[in-house]
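Before any comments, here is the structure.
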Ligand SMILES: Cc1ncc(COP(=O)(O)O)c(C=O)c1O
């Protein structure tokens, strides 16, 4: 049976160019990265820092680890950090910032990821009050996974930075899919990075590397982050074996390729939305590569699980996300795959709703 895996862009496998680059590796291109001696990792970090327009970068194992290291490196236990209520750090990172970082999390709402940055100032604690902790960071997410891969505008970042500067807060960006935002809105990445103190982005999602994320920021931040990475057991030894594929992932052609994922995501959303007149579904036009099938009425979760299970049986893999169904396009998914899935998804929704 044909399988079309739309669960996540984390299921991507290396491209032929990445395999070629891996085959061209030899021991001269490897070293002990904990000692900062792996030439391939060093090359990747230098390339990533240049691309981000930031002084330094660090290769880490995952997006979750990149966020944790970035947050721990710029805060102290007992402080409070501000996060949008549905952000990945809050929902899906095992509470690491609380358990490992000893941090309090204060969340704020948004409308599909967008909020009024001036309202953040209401959340900043008065640390001169003996009862209150110190607020030390605001962490944003772009694109916003939970809100359906929404690409947030650069103005949101500049205004958030104004609030952060007023209260001497750090700004971290969980940019797991930041290049999707850049490609969708046609803005250079530096238009985001110039407003933040640190960024984490994933090599292992749409950029189709098998493993890895990058964090970037100032020299001091990265020096500290390197130590925190070691503390949590993330020190690479001969990491060049993986970093060599990261170097390919950062080629402009690979970043621009994300446009293809966005185009087929739009096609998928538009086609599913054709059943909106008959069935209580709503499928917003995606900004990037994440399609969300929303339900207009309160559909029981059991029905949503049934739809997901039935799609799985027919080879279309996807996840439920709250009372919605998420479908993600990525490297390896073609327009033919999407054309194949459309009637399966439409019929399954029509039969089960
Ligand atoms: C927005 C966002 N941040 C962070 C992560 C974590 O990345 P990883 O799975 O590499 O830990 C994800 C993963 O899906 C994500 O969507």
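Residue numbers (this note's numbering): 1035 to 1387. The beta carbon of each residue, even a glycine, is placed where N, CA and C say it ideally should be. As the structure is a prediction and not an experimental result, all values here were calculated from the model.
Comparing alpha-carbon positions, which option in the options lies nearest residue i?
i            : options                   : result
residue 1159 : 1168, 1202, 1339 and 1095 : 1168
residue 1314 : 1260, 1348 and 1386       : 1386
residue 1290 : 1218, 1149 and 1108       : 1218
residue 1138 : 1113, 1293 and 1038       : 1113
residue 1322 : 1121, 1303 and 1229       : 1303
residue 1262 : 1353, 1238, 1356 and 1100 : 1100
residue 1292 : 1309, 1331 and 1211       : 1211
residue 1051 : 1039, 1280 and 1127       : 1280
residue 1205 : 1108, 1156, 1036 and 1044 : 1108
residue 1329 : 1353, 1359, 1078 and 1320 : 1359
residue 1117 : 1173, 1088, 1063 and 1227 : 1173
residue 1146 : 1129, 1123, 1187 and 1161 : 1187
residue 1184 : 1245, 1259 and 1320       : 1320
residue 1259 : 1090, 1081, 1045 and 1055 : 1090
residue 1207 : 1200, 1097 and 1310       : 1097
residue 1245 : 1267, 1370, 1277 and 1059 : 1277
residue 1203 : 1181, 1170 and 1216       : 1170
residue 1103 : 1084, 1301, 1073 and 1264 : 1264
What residues are listed by DSSP as bridge partners for residue i?
i            : result
residue 1085 : DSSP output for residue 1085 lists no bridge partner at all.
residue 1204 : 1171
residue 1354 : 1359
residue 1118 : 1142
residue 1158 : Residue 1158 is not bridged to any residue.
residue 1379 : None; residue 1379 has no bridge partner.
residue 1315 : 1329
residue 1232 : 1206 and 1251
So what's residue i in DSSP terms, helix, strand or just coil?
i            : result
residue 1175 : strand
residue 1038 : strand
residue 1091 : strand
residue 1329 : strand
residue 1104 : helix
residue 1247 : strand
residue 1184 : strand
residue 1368 : coil
residue 1046 : coil
residue 1134 : coil
residue 1005 : Given a span of 1035 to 1387 for the chain in the structure shown, any question on residue 1005 remains unanswerable.
residue 1270 : coil
residue 1255 : helix
residue 1149 : coil
residue 1309 : coil
residue 1192 : helix
residue 1324 : strand
residue 1059 : coil
residue 1296 : helix
residue 1070 : coil
residue 1199 : helix
residue 1334 : coil
Roughly how many angstroms separate the alpha carbons of residue i and residue j, rounded to a whole number?
i            : j            : result
residue 1341 : residue 1326 : 14 Å
residue 1383 : residue 1346 : 13 Å
residue 1247 : residue 1236 : 4 Å
residue 1379 : residue 1373 : 10 Å
residue 1164 : residue 1154 : 21 Å
residue 1061 : residue 1198 : 45 Å
residue 1365 : residue 1275 : 21 Å
residue 1381 : residue 1307 : 12 Å
residue 1106 : residue 1343 : 39 Å
residue 1086 : residue 1250 : 7 Å
residue 1296 : residue 1361 : 12 Å
residue 1120 : residue 1257 : 30 Å
residue 1316 : residue 1133 : 38 Å
residue 1129 : residue 1284 : 30 Å
residue 1221 : residue 1057 : 34 Å
residue 1063 : residue 1069 : 15 Å
residue 1125 : residue 1066 : 34 Å
residue 1048 : residue 1371 : 19 Å
residue 1269 : residue 1377 : 47 Å
residue 1054 : residue 1074 : 15 Å
residue 1141 : residue 1035 : 44 Å
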